[in-house]
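Only one structure is covered here, and it is reproduced in the block below.
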């Protein structure tokens with residue numbers, strides 16, 4: 001799958017509940033109407049004892065994950081009149097955004113929504129992307145097995161062209177989605193997944209509620 005990933009920070013003058021409601025509707029309804037979109041997940045970040053310092057410092061309120069069959073179909077969607085509607089609406093509730101294009105490889109039943117959803121974000125030089133992905137795979141061997149996981153290979157990243165929303169200046173070198181049984185992941189496991197503070201690439205660990213709109 002080709003994935004259009006957006007890292008989203010809400011506007012400073014918008015409270016979290018208002019941001020989430022607007023993101024779901026009307027914005028989510030608009031984005032769900034993009035041409036060729038096969039799957040659309042909103043990951044609403046929530047506070048958790050598992051959240052690490054890098055995630056808190058990143059100040060991300062959500063991940064939009066839209067899936068397409070091909071790069072060409074993603075390009076059609078992001079050059080369409082509907083994306084211009086989405087960009088205009090984004091100004092009313094989004095304070096900063098970064099768009100990332102990935103190749104997503106799913107493992108397990110990604111349609112099973114039961115359990116704990118974890119997002120891992122590699123923050124750092126994209127040149128270290130392969131190294132980060134290998135390290136995450138190694139860490140997963142030392143924690144309870146996730147029910148499903150989606151590993152993303154970064155193809156490109158940029159500001160949203162045509163959008164007046166400021167760029168979220170956060171270099172992304174990796175992204176992974178993990179679904180664990182509800183009580184399987186403890187604080188010690190979260191620390192293993194997040195890695196060490198001194199590593200070249202910082203790993204931010206987020207806990208989220210997922211909403212599937214397509």
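Residue numbers (full-length UniProt numbering): 1 to 214. We put the CB at the ideal spot given by N, CA and C, even for glycine. Quantities reported herein were computed from a predicted structural model and do not represent experimental measurements.
Sequence-distant residues of the same chain with beta carbon closer than 8 Å to residue i, five excluded per side
| i | result |
| --- | --- |
| residue 32 | 40, 213 and 214 |
| residue 253 | Here the chain comprises residues numbered 1 to 214, so residue 253 is not present and cannot be evaluated. |
| residue 27 | 86, 89, 90 and 93 |
Range covered by the alpha helix (DSSP H) that runs through residue i
| i | result |
| --- | --- |
| residue 51 | Careful: residue 51 lies outside any alpha helix (DSSP H) and carries neither H nor E. |
| residue 188 | 187–194 |
| residue 70 | First-last for residue 70: undefined, no H or E at that position. |
| residue 152 | Not the alpha helix (DSSP H): residue 152 falls in the beta strand (DSSP E), residues 148–158. |
| residue 133 | 129–140 |
Enclosing beta strand (DSSP E) for residue i [first to last residue]
| i | result |
| --- | --- |
| residue 101 | 94–108 |
| residue 2 | 2–10 |
| residue 178 | 172–180 |
Sheet register partners of residue i (DSSP bridge)
| i | result |
| --- | --- |
| residue 208 | 45 and 117 |
| residue 33 | Residue 33 is not bridged to any residue. |
Cβ shell of residue i (< 6 Å), same chain only, five flanking positions each side left out
| i | result |
| --- | --- |
| residue 20 | 44 |
Spatial distance of residue i from residue j (CA atoms)
| i | j | result |
| --- | --- | --- |
| residue 136 | residue 107 | 14 Å |
| residue 176 | residue 81 | 30 Å |
| residue 8 | residue 96 | 6 Å |
| residue 156 | residue 128 | 14 Å |
| residue 134 | residue 13 | 39 Å |
| residue 142 | residue 15 | 38 Å |
Nonlocal neighbours in the same chain, by C-beta distance under 7 Å from residue i, ignoring five residues either side
| i | result |
| --- | --- |
| residue 170 | 7, 58, 98 and 123 |
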